[in-house]
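Below is one structure, written out as structure tokens; the observations come after it.
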Amino acid sequence: MSNVLKHMNPEQKEAILHERGPLLVLAGAGSGKTRVLTSRIAHLISEGVDPWRILAITFTNKAANEMKERINLLVGESCAQNIWVSTFHSFCARFLRYEVDSLGLYTRNFVIYDSADSQTLIKNCLKELNLDDKQFPANSIQSTISNAKNALISSEQFALNADNFYSQKVAEVYQLYQTRLRLNNAFDFDDLLMVTIEVLKNEEILEKYQNKFEHILIDEYQDTNQAQYELAKILSQKKKNIFVVGDADQSIYAWRGADIRNIMEFESDFPNARVIKLEQNYRSTQKILDAANAVITNNYNRRDKKLWTENGEGDPISCYQAFNEQDEAKYILESILKLNSIYNIPYNNIAVLYRTNAQSRVIEEWFLKYGISYTMVGGVRFYERKEIKDILAYLRVIFNPNDTLSLLRIINIPKRGIGGTTLKKLVDAANENNVPLFDIISNPGLANGITDRIKKQLEGFSTFIFEMIGLIGQVPITEFIEKVMTDSGYTNYLESENSIEAQTRLENLKELLSVAKGFIEENIIPEDTAVESELEQFLTRVALIA
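Structural data, given as structure tokens:
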């Protein structure tokens with residue numbers, strides 16, 4: 000432990016060696032907060048705390064992976080793998096795999112819908128309710144529902160508070176949306192938190208996890224929303240050993256539900272809490288810190304904190320106030336030309352950052368005007384590509400046949416002659432019988448007006464799904480996914496197109512197999528979750544990463 004503390008400043012050491020009870024670490028930018036948090040975990044283990052009694056939560060997968068790597072170096076991999084280190088959503092997904100059946104509404108083989116899936120389901124609900132999607136845009140309703148869930152407002156509560164025509168219609172969509180999610184045995188991302196809190200209302204389950212997690216550590220506490228705050232509070236209520244790191248000055252996510260009051264009122268929520276400030280910056284020069292301090296001092300709702308560094312004064316900061324977007328783009332281009340021609344800095348060592356995609360257009364135009372080659376970083380993300388979403392939809396249906404959204408995506412890919420008219424008959428039959436769509440597809444005689452040819456196609460499709468279900472856990476995940484690709488006809492479907500685009504899609508599917516292979520090689524399944532199938536783990540991880 001002495002090696003861990005060797006290069007720490009006094010405030011960092013004080014936070015790491017904190018004994019018990021609630022602690023708020025106000026960590027300025029570049030002050031080594033992640034290092035303090037991971038060293039705190041190493042200290043707890045050196046003091047005899049069992050690794051599985053530690054829960055460490057952060058906000059992004061990247062931050063969680065970085066935290067795991069640092070903990071591995073500090074305490075060793077065999078010890079580190081027993082610590083619960085994850086994002087809020089990953090923690091909730093793992094928790095619900097164990098406990099969700101206590102509600103009697105879902106089973107453990109639930110699937111997780113991403114933002115695009117959720118929006119598709121909302122569009123389906125709008126159609127079912129005969130609501131005009133121009134008057135009620137799906138993305139706007141999705142945002143309203145998400146905000147409600149982050150504030151722990153159920154569809155029933157939302158309906159009670161709806162005081163105008165628009166909010167009443169949104170309430171109808173919200174209620175139907177939740178009904179369809181439950182029927183599909185699916186959660187959206189906001190549900191992961193909201194349902195976890197609902198499950199923890201069971202006193203026996205709550206006590207179990209309050210006793211399990213003797214120490215709870217949370218990074219970026221200023222970014223917590225109402226649901227995340229409630230989860231942290233109820234889990235730490237018994238032991239009171241909650242260690243949070245954050246900085247109100249860095250709170251920028253109010254637009255997605257982050258509530259700065261969670262960090263500002265920490266001492267009110269946890270009486271006798273200690274507060275330690277980390278003000279020494281290791282990343283920037285004093286010129287930059289002076290400018291940052293001067294700007295942030297104008298915030299009216301903040302805790303006093305002043306960053307300083309031993310890195311020296313540094314170069315002066317330059318700022319250009321443009322007249323308009325054209326002037327701004329011109330200034331950027333002239334600055335780049337100067338860096339290249341006078342200081343010999345290669346173009347590929349220069350980056351231009353902007354806030355929104357729309358801002359790139361005018362900058363690109365000036366690049367083209369001056370004949371400067373550039374690369375746009377972005378494009379369609381891997382997990383948003385059609386072929387990847389198609390195969391993941393197949394896997395989700397195999398894992399959870401009740402997932403109607405995924406089923407509708409793949410039922411006619413590759414083409415099986417199942418058109419819109421047939422689908423409507425099948426969906427109507429499912430709604431009339433109040434059963435998942437797959438029940439009708441596997442028993443097409445329950446639907447009216449389905450031809451014998453289509454019935455044969457549906458029976459072939461359902462037989463394939465049942466065969467794949469039988470293979471779950473019987474073969475390695477990579478082999479399983481490859482078999483789904485081939486036996487579903489998807490690989491042949493792309494190969495028969497014989498086009499460059501189809502070839503690119505096939506390459507992307509090979510990359511998905513590499514993802515699955517990496518999933519196995521990383522050996523990320525902790526010992527206490529080995530009972531879960533590789534397919535379940537794979538789908539959960541991909542959903543959270545995507």
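Taking numbering that gives the first Met the number 0, the leading residue of the sequence shown gets 0, the next gets one more, and so forth. Cβ atoms here follow ideal geometry from the backbone N, Cα and C, with glycine treated the same way. Computed from a predicted structure; not experimentally measured.
- Runs of beta strand (DSSP E) with 3 or more residues, each lying fully within the region 56-107, are found at 83-86, listed in chain order.
- Comparing C-alpha distances from K305 to each of D246, R260, A321 and F269 shows the shortest one belongs to D246.
- Excluding its 5 nearest sequence neighbours in each direction, N433 has no C-beta neighbour in its own chain below 7 Å.
- Within the same chain, Cβ atoms closer than 7 Å to the Cβ of F479 are found at L470 and L534, the five residues on either side in sequence being excluded.
- Contact check for Y173 against S142 fails: the beta carbons are separated by 9 Å or more.
- Contact between the region 268-279 and the region 14-33 is present: 3 or more CB-CB pairs across the two stretches fall below 8 Å.
- Here the alpha carbon of E333 sits roughly 30 Å from the alpha carbon of N292.
- Boundaries of the alpha helix (DSSP H) harbouring V426: G419 to N432, taken from the DSSP string.
- When the beta-carbon positions are compared, D218 and L422 stay at least 9 Å from each other.
- The alpha-carbon separation between A147 and L511 amounts to approximately 34 Å.
- Judged by pairs of C-beta atoms under 8 Å, the region 93-106 touches the region 178-197, as three or more such pairs exist.
- As a beta-bridge residue in DSSP terms, Q279 pairs with W307.
- The C-alpha of A161 lies about 24 Å from the C-alpha of F188.
- Assignment of A321 by DSSP, reduced to helix, strand and coil, places it in the coil class.
- As for any alpha helix (DSSP H) of minimum length 4 sitting wholly inside the region 474-541, the runs are 476-486, 489-496 and 499-520, ordered along the chain.
- For K337, the number of other beta carbons within 10 angstroms of its own is below 16, and it is reported as exposed.
- Ranked by Cα distance from K32, the options P21, H42, I15 and N64 are led by I15.
- Going by beta carbons, T490 and L505 fall inside the 9 Å limit.
- Taken through DSSP and simplified to helix, strand or coil, V194 comes out as helix.
- Across the structure, C124 and L406 are spaced so that their CA atoms are roughly 16 Å apart.
- Counting the other CB atoms within 10 Å of its CB gives A429 a total of 16 or more, which places it among the buried residues.
- By alpha-carbon distance to W254, the top candidate from A150, N348 and T462 is A150.
- Between the beta-carbon of N184 and that of N399 there is about 5 Å, and that keeps the pair under the 8 Å contact cut.
- Straight through space, the alpha carbons of S372 and I241 are spaced by roughly 51 Å.
- F265 carries a helical assignment under DSSP once its states are collapsed to helix, strand and coil.
- When the beta-carbon positions are compared, F90 and I56 come within less than 9 Å of each other.
- Ranked by Cα distance from S145, the options Q225, I464 and I344 are led by Q225.
- Per DSSP, reduced to three states, the secondary structure at I15 is helical.
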